[in-house]
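Everything in the sequence shown is counted per this note's numbering, starting at -7 for the first residue and increasing by one.
Each residue gets a CB set at the ideal place from its N, CA and C atoms; glycine is no exception.
Below is one structure, written out as structure tokens; the observations come after it.
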Amino acid sequence: MTHIDLSTLFITHDIDEAILLSDRIYILNGTPGEIKDEIVIHEQKPRPDDFYLTETFLNYKRDIISRL
């Protein structure tokens, strides 16, 4: 199987969805959208189905909310 490096830009307002799907989360500020902050999600993929119930997930969510 051939490995292809691809990047995808996924835009969402749903913090849980962003944490579950992303390797990096960028918080934008103002118009035009400037990058205000970057959060790196260190957990490997695929993430377990119950990842959203873990303390790690909640810590990411708290961190993101505090930066908004």
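Chain-order list of residues whose beta-carbon lies under 6 Å from that of Tyr52 (same chain, five-residue window excluded): Ile11
Contact check, Ile19 vs Arg54, beta carbons under 8 Å: no
Helix, strand or coil at Asp(-3) [DSSP, three-state]: coil
Alpha carbon of Ile7 to alpha carbon of Met(-7), nearest angstrom: 33 Å
For Lys37, the three-state DSSP class (helix, strand or coil): coil
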